[in-house]
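Peer 1: Starting off with a structure, shown below.
Protein chains: 4
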Amino acid sequence: MAAELDGNIELVAGAFSQDAGKSKAAAQTYGIDEARAYANYEEMIAAETKRADGIDFVAIVTPNHLHLPIARAAMEAGLHVMSDKPATANFQEALDLKNIVERTNRLYALTFTYTGYPLVREAREICRRGELGAIRKVMVEYLQGWLTQPLEKMGQKQAEWRSDPAKSGIGGCIGDIGVHAFNLLEYVTGQPVKKLSATLRTMVAGRALDDDCSAMLVFENGAPGILAASQIAVGERNGLRLRVYGEKGSLEWYQEDPNRLQLKWLDRPDQTLHAGSAFLSEAARHATRLPLGHPEGFVEAFANIYRDFSHAIFERQERPDASLSGSVCGIEEGVRSMAFMERAIGSSKADGAWTALEY
Amino acid sequence: MAAELDGNIELVAGAFSQDAGKSKAAAQTYGIDEARAYANYEEMIAAETKRADGIDFVAIVTPNHLHLPIARAAMEAGLHVMSDKPATANFQEALDLKNIVERTNRLYALTFTYTGYPLVREAREICRRGELGAIRKVMVEYLQGWLTQPLEKMGQKQAEWRSDPAKSGIGGCIGDIGVHAFNLLEYVTGQPVKKLSATLRTMVAGRALDDDCSAMLVFENGAPGILAASQIAVGERNGLRLRVYGEKGSLEWYQEDPNRLQLKWLDRPDQTLHAGSAFLSEAARHATRLPLGHPEGFVEAFANIYRDFSHAIFERQERPDASLSGSVCGIEEGVRSMAFMERAIGSSKADGAWTALEY
Amino acid sequence: MAAELDGNIELVAGAFSQDAGKSKAAAQTYGIDEARAYANYEEMIAAETKRADGIDFVAIVTPNHLHLPIARAAMEAGLHVMSDKPATANFQEALDLKNIVERTNRLYALTFTYTGYPLVREAREICRRGELGAIRKVMVEYLQGWLTQPLEKMGQKQAEWRSDPAKSGIGGCIGDIGVHAFNLLEYVTGQPVKKLSATLRTMVAGRALDDDCSAMLVFENGAPGILAASQIAVGERNGLRLRVYGEKGSLEWYQEDPNRLQLKWLDRPDQTLHAGSAFLSEAARHATRLPLGHPEGFVEAFANIYRDFSHAIFERQERPDASLSGSVCGIEEGVRSMAFMERAIGSSKADGAWTALEY
Amino acid sequence: MAAELDGNIELVAGAFSQDAGKSKAAAQTYGIDEARAYANYEEMIAAETKRADGIDFVAIVTPNHLHLPIARAAMEAGLHVMSDKPATANFQEALDLKNIVERTNRLYALTFTYTGYPLVREAREICRRGELGAIRKVMVEYLQGWLTQPLEKMGQKQAEWRSDPAKSGIGGCIGDIGVHAFNLLEYVTGQPVKKLSATLRTMVAGRALDDDCSAMLVFENGAPGILAASQIAVGERNGLRLRVYGEKGSLEWYQEDPNRLQLKWLDRPDQTLHAGSAFLSEAARHATRLPLGHPEGFVEAFANIYRDFSHAIFERQERPDASLSGSVCGIEEGVRSMAFMERAIGSSKADGAWTALEY
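Given below as structure tokens:
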């Protein structure tokens with residue numbers, strides 16, 4: 001839905017299921033030629049790269065353990081890749097993937113979806129222009145309640161693979177949403193995290209992975225930060241909230257009210273920005289389709305990432321060195337987020353020992 | 001974007017401009033066969049109805065004065081119609097259109113977009129189930145600020161035709177947004193307006209049509225209501241807000257925060273409903289694509305109307321008497337909203353005299 | 001509580017009940033000398049004006065029908081008066097009272113409590129300084145739900161006298177809260193209402209007075225307005241909300257979130273002001289006791305009116321012509337609000353006929 | 001203001017300044033007999049305890065280093081004590097004070113003001129009644145921006161003593177507001193913190209004490225928590241926010257919107273409670289003075305603590321073993337909050353080492 005929203009991209013082939021019959025059935029519901037519905041990614045890549053009208057890129061929307069093998073196969077076959085986050089199942093894989101991306105010179109983007117919202121991009125511009133002054137404190141939280149109960153034992157598919165280390169990798173909540181929170185704070189502030197002290201917990205008895213995380217952070221410039229992620233915060237929906245405090249001003253953005261950005265200042269009135277305002281930055285305006293006051297949401301944010309990605313693919317047709325817009329997260333953010341996850345898990349195992357993010 | 005979101009509908013032809021060259025250029029940006037880009041609707045209808053793979057329906061997205069002629073031509077040629085509101089340029093035309101719809105037995109839907117939001121549909125179910133008790137008071141407001149300045153004299157296209165009686169019809173603000181407010185309150189409450197007393201004003205000097213409206217209403221059951229619509233409410237964006245008070249409870253919905261519905265009760269805590277909750281009505285769940293907390297917006301609401309419409313078209317292929325889902329507004333709502341507009345203008349000219357809506 | 005909050009005023013005498021015993025009992029709970037607890041206001045005024053340490057002013061907190069007789073008796077005896085609104089039981093009484101105030105040269109203030117909030121005073125300053133430009137539209141609403149049921153027949157004292165014409169006067173909802181809404185809009189905008197068209201309803205069967213009011217307004221400068229007041233808006237608490245739209249900007253204030261004032265502008269970001277900010281007007285700062293972020297509420301707003309009133313009494317000790325601060329509503333606002341009430345009732349009886357406010 | 005609000009308490013004596021002249025001048029503005037304005041607390045206690053109409057209790061509102069000596073002197077002279085928090089300048093002093101309280105059997109209360117809000121008390125009742133199920137996660141934050149600049153070097157008195165270790169003790173932000181946050185979470189949840197890992201920072205160059213704190217917590221029942229306190233969060237006012245997540249439901253309360261309490265549940269609609277509702281717990285209703293929708297604020301919350309304290313003093317006149325209402329924080333909470341502060345500072349110095357709160 002997001003990929004096709006702007007008319008630049010068309011879904012024409014896929015490996016929709018490991019069961020060939022189911023894959024073909026899915027193709028039909030998508031209005032795709034059955035011949036291009038494959039039973040696995042190897043088959044798909046092999047067949048599509050032989051067609052004159054073959055696919056330009058692969059979108060990886062599988063459980064995490066398949067992210068690396070599919071991305072590798074696709075890029076080695078000359079295809080670009082748009083992958084779900086996290087980039088890979090663990091940090092070492094992310095480094096491997098980085099090598100592959102560099103070696104194959106393919107476009108590689110990660111759907112850190114929240115970076116597609118216009119006001120997240122406005123927030124980033126505000127930080128870049130130095131309007132807040134030096135960053136002094138960052139608070140990010142990502143609170144969900146959907147794993148309050150042991151859904152993975154109650155037949156819920158999304159919960160099953162996400163809490164299964166074999167499919168999800170070493171991180172539960174930290175890998176599913178913690179990395180979004182981490183990515184968002186670095187994306188907006190432009191300020192890298194230097195080290196962290198984390199506590200991961202499994203609050204629902206019998207669950208194999210963490211479902212609640214807290215971390216204290218220190219940024220490269222010495223500023224402190226706090227990251228909280230939880231999937232047992234009963235009643236919370238998809239509560240990703242970022243607050244950034246600088247020397248001169250601060251900003252706050254909340255994913256469930258995504259078309260508003262709140263700014264506060266030293267000694268002048270608070271301000272609220274709205275998506276669609278003519279006076280926003282080009283980065284924000286470029287990410288909005290509708291007039292002021294006409295809400296855009298998650299699909300549109302997602303579509304912004306696909307749109308930027310498609311533009312890079314079009315440019316590649318002109319210039320082989322065309323690269324992704326800086327607004328789109330790629331392998332660099334993928335590696336950092338995997339480092340974050342692995343170091344957070346390590347820190348938590350070491351009783352919250354401060355752990356550097358460098359690698 | 002909205003039409004194609006769910007994959008049921010594909011844009012394959014159009015009269016995109018009165019200039020044949022521009023129409024073809026537009027086709028290209030939409031990825032449409034140039035041969036199916038026409039210079040006017042007559043040509044399009046003639047050509048498309050001859051094709052085996054011709055269009056199933058026409059979407060009318062022109063200024064108001066063309067709504068009737070296009071709808072008539074399309075339906076008489078056997079095509080279904082999805083039209084922008086208002087249905088026609090005046091009330092008499094709406095009655096004519098009703099006859100045409102009935103005579104041709106074509107599907108006719110109006111994009112009263114706000115009725116596509118899941119929580120508007122939830123609100124309607126709540127009223128239908130009688131949870132609020134008998135309705136006692138309704139307040140609806142639709143506040144915008146974009147015509148605070150005389151944009152129509154500053155080269156803004158949308159403002160130009162909307163404030164030009166030749167293209168917009170007899171209503172300015174009342175026709176552009178007042179009818180949305182009116183439609184929403186009848187849609188949700190299921191309670192028809194019986195009579196009204198209105199005041200329309202033109203607050204920006206030199207503007208040809210009203211830009212601010214107030215109306216007192218009385219419903220069939222005797223309950224009073226207030227409708228306010230303004231396009232000179234500086235700083236407002238697209239502020240459509242509905243509040244319904246019954247004997248036992250009340251509800252409030254606001255278009256700029258569309259995924260939340262507030263309920264208040266006699267002697268028990270206020271409640272807030274969120275789009276995507278498992279315990280909402282089927283009507284609301286059917287209108288949601290994403291999990292709880294993932295905002296859907298205007299495009300998705302619009303798409304819900306197209307999706308319902310496409311289902312009726314599919315059903316027509318099985319049963320010639322298949323009709324539109326009751327969730328979608330059609331010619332009946334079109335006639336009522338034109339009656340509302342014409343009676344409000346009449347009442348205002350008669351110094352706010354109470355005017356019945358019946359016809 | 002409000003009168004004594006700032007230490008300028010002390011409650012030392014009263015007619016707390018028509019029953020002398022009850023009056024004395026009440027005095028005890030207030031820590032007042034029993035000798036100064038009277039069985040009626042005549043007795044109180046007679047006795048207190050004979051004492052060297054007698055009272056300086058009378059606070060009238062009775063049902064409406066007693067407002068005029070007590071005020072008259074007090075002022076004719078040389079005492080100042082702080083009265084609950086409405087000033088009197090009807091408009092003619094208000095004119096009489098105005099004569100008495102002028103003749104006796106006593107200080108007379110009305111507890112239009114909401115005018116005591118710091119951000120209401122800020123809003124007024126913003127209008128005065130012309131920051132919004134010429135006013136184009138005003139919307140005021142005062143919504144309560146406490147009379148959703150026929151409480152007056154269920155033994156609730158406050159509901160009993162308020163819905164009894166003999167004690168409350170000719171207005172129900174319009175007199176109890178409609179006049180607050182009216183007063184607030186004139187107080188903040190400084191723009192007098194010229195004429196109105198009103199609809200008053202009694203929605204609860206058997207109730208003697210109106211419990212729901214709507215009015216369309218026209219201001220002296222031609223701008224339209226809407227006033228809504230209801231006591232059967234189930235679930236609403238004490239929802240007084242004012243929105244003022246000018247040519248350049250707009251403001252919104254809501255009584256249940258009184259320490260915030262929202263400003264919106266043509267082509268620049270929305271702003272939010274908070275009570276206690278150093279950069280607010282003197283009028284607002286003068287009405288705040290605590291640092292930023294420490295909520296003040298209804299009692300403090302009330303106390304601001306008492307404090308201003310006490311300052312005028314102190315000044316009278318120096319200068320016999322000292323008058324009330326312009327921030328405090330007096331007999332002029334009292335007469336206007338009674339005119340509003342009477343004209344609204346008249347208009348409603350005449351089926352909403354436009355009725356001038358002049359007198 | 002708060003002490004006198006309900007009429008149970010009267011300010012009759014004080015040591016208002018170390019300068020006898022200034023103390024007498026202050027007395028005059030308070031309307032107090034000059035003879036009872038003393039130059040220091042020793043003098044005051046000596047004189048007042050000799051009077052038949054001497055004071056019943058002392059309210060300590062000095063910088064922190066004087067809390068213990070004054071409390072000791074007062075209690076040893078037979079007076080009760082209401083003290084500003086923190087109880088003392090360090091943990092050892094708090095233990096000493098606890099002995100004094102126990103030995104003298106005087107009433108000792110701490111103005112943890114936020115525990116006086118009606119909806120904080122409602123939140124506590126909800127936790128007590130087990131409505132949320134076992135607590136799984138607690139997040140508390142107290143964010144202010146007033147020390148964003150080095151005010152202590154710009155002549156601001158409040159900033160001066162608070163950032164001076166000689167007057168404030170060993171804690172800056174942690175002692176000024178961190179302890180409020182800590183106290184609030186234990187007060188509401190009834191769940192004691194077992195251990196913590198803290199990071200304290202001084203973000204404004206040259207400041208002598210911490211101005212920003214983060215802590216990860218573990219409760220006795222194993223649940224994790226996060227505490228954030230900052231005085232350099234530019235643009236924040238007095239942002240104390242508590243969120244408690246249990247197995248079945250969660251609650252959120254925010255000090256700047258104190259009359260609202262939000263509840264969220266597993267599989268049913270969110271709820272909002274409002275101060276003044278008839279269906280709240282007795283604890284909340286007892287702490288409210290005004291009808292629904294009439295905001296009460298900081299002064300009223302403060303007054304609730306004084307009122308409860310005064311009731312205990314009255315009861316002592318009947319029964320020498322009468323004790324403080326459980327709603328009021330006393331020496332136990334004082335000791336715990338000092339332990340929290342000292343352990344947090346210790347943990348921070350030990351690079352965030354987990355530190356037990358037990359003593």
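Residue numbers (full-length UniProt numbering), protein chains in the order written: chain A, 1 to 359; chain B, 1 to 359; chain C, 1 to 359; chain D, 1 to 359.
Backbone N, C-alpha and C fix where the C-beta goes; we use that ideal spot for every residue, glycine too.
1) Can you list, in chain order, the residues of its chain whose CB lies under 6 Å from that of A:A198, leaving out five sequence neighbours each side?
2) DSSP three-state call for C:I135: helix, strand or coil?
3) Against chain D, which members of the region 80-91 of chain C pass a CB distance test of less than 9 Å?
4) Look at the alpha carbon of B:G7 and the alpha carbon of B:G54, and state the distance between them as a whole number of angstroms.
5) If you draw a straight line from the alpha carbon of C:I177 to that of C:A229, how long is it in whole angstroms?
6) So, with DSSP's three-state summary, where would you put C:Q18?
7) Using a Cβ-Cβ cutoff of less than 8 Å, which residues in the same chain neighbour B:E186 once the five nearest sequence positions on both sides are dropped?
8) Determine the direct distance from the alpha carbon of B:S323 to that of B:R128, and round the result to whole angstroms.
9) Rounded to whole angstroms, what is the Cα-Cα separation between D:K98 and D:A87?
10) State the start and end residues of the unbroken alpha helix (DSSP H) segment that holds C:S168.
11) Assign C:E10 to buried or exposed, taking buried as 16 or more other Cβ atoms, counted over all protein chains shown, within 10 Å of its Cβ.
12) If you draw a straight line from the C-alpha of B:A39 to the C-alpha of B:R72, how long is it?
13) Residues in its own chain within less than 6 Å of A:R162 by CB, not counting five upstream and five downstream?
14) Which residues mark the beginning and the end of the beta strand (DSSP E) in which A:S265 is found?
15) Please go through the region 190-277 of chain D and give each complete beta strand (DSSP E) segment of 3 or more residues, from N-terminal end onward.
16) Could you check what DSSP says for C:M341 in three-state terms: helix, strand or coil?
17) Between the region 27-43 of chain C and chain D, which residues of the former have CB atoms less than 9 Å from a CB of the latter, in chain order?
18) Assign C:Q144 to buried or exposed, taking buried as 16 or more other Cβ atoms, counted over all protein chains shown, within 10 Å of its Cβ.
19) Please report the straight-line C-alpha distance between D:A275 and D:L292, rounded to a whole angstrom.
20) Is there a C-beta anywhere in chain A that falls below 8 Å from the one on D:A228?
21) Is residue 390 of chain C close to chain B, meaning its C-beta is less than 8 Å from at least one C-beta of that chain?
22) If you measure from the beta carbon of D:I126 to each beta carbon in chain A, is any gap under 8 Å?
23) For the beta strand (DSSP E) that contains A:A59, what are its first and last residues?
24) Alpha carbon to alpha carbon, how far is A:D56 from A:Q317? Give it in angstroms, no decimals.
25) Along the chain, where does the beta strand (DSSP E) containing C:M75 start, and where does it finish?
26) Which first and last residues belong to the beta strand (DSSP E) in which D:H80 is found?
27) Are the CB atoms of D:F302 and D:T111 within a distance shorter than 8 Å?
28) Can you give me the C-alpha to C-alpha distance between C:H286 and A:Y359, rounded to a whole angstrom?
29) Note the first and the last residue of the continuous beta strand (DSSP E) segment covering C:A109.
30) For D:M338, count neighbouring Cβ atoms within 10 angstroms of its own Cβ and tell me buried if that reaches 16, exposed if not.
31) Can you name the residues that DSSP bridges to residue 362 of chain C?
32) I want to verify the contact list: residues of chain C whose CB lies under 7 Å from the CB of B:R201, in sequence order.
33) Give a yes or no on whether 8 Å exceeds the smallest Cβ distance from A:P150 to chain C.
34) Any Cβ of chain D within less than 8 Å of the Cβ of C:H311?
35) If you measure from the beta carbon of A:M154 to each beta carbon in chain D, is any gap under 8 Å?
36) Could you tell me the alpha carbon to alpha carbon distance between B:G190 and B:L273, rounded to whole angstroms?
Peer 2: According to the structure data:
1) A215, A344, S347 and S348
2) strand
3) none
4) 18 Å
5) 7 Å
6) coil
7) P192, V193, E333 and R336
8) 21 Å
9) 10 Å
10) P165 to S168
11) exposed
12) 18 Å
13) S168 and D176
14) One point to set straight first is that residue 265 of chain A is Trp, not Ser, in the sequence displayed. From DSSP, the beta strand (DSSP E) with A:W265 extends over R260 to W265.
15) 193-201, 212-219, 224-230, 239-246, 249-254, 260-265 and 268-274
16) In this structure, DSSP gives C:M341 a helical state, which the three-state scheme calls helix.
17) For the region 27-43 of chain C, the residues whose beta carbon sits under 9 Å from a beta carbon of chain D are, in order, T29, Y30 and G31.
18) buried
19) 6 Å
20) yes
21) With chain C running from 1 to 359 in the structure shown, residue 390 of chain C is simply not present.
22) So no, D:I126 is outside the interface.
23) F57 to I60
24) 11 Å
25) Segment H67 to E76 is the alpha helix (DSSP H) holding C:M75; no beta strand (DSSP E) there.
26) Looking at the DSSP string, the run of the beta strand (DSSP E) that includes D:H80 is H80 to S83.
27) yes
28) Just so you know, the alpha carbons of C:H286 and A:Y359 end up roughly 58 Å apart.
29) Y108 to L110
30) buried
31) Only positions 1 to 359 of chain C appear in the structure, and residue 362 of chain C is not among them; the question remains open.
32) P224
33) no
34) no
35) no
36) 20 Å
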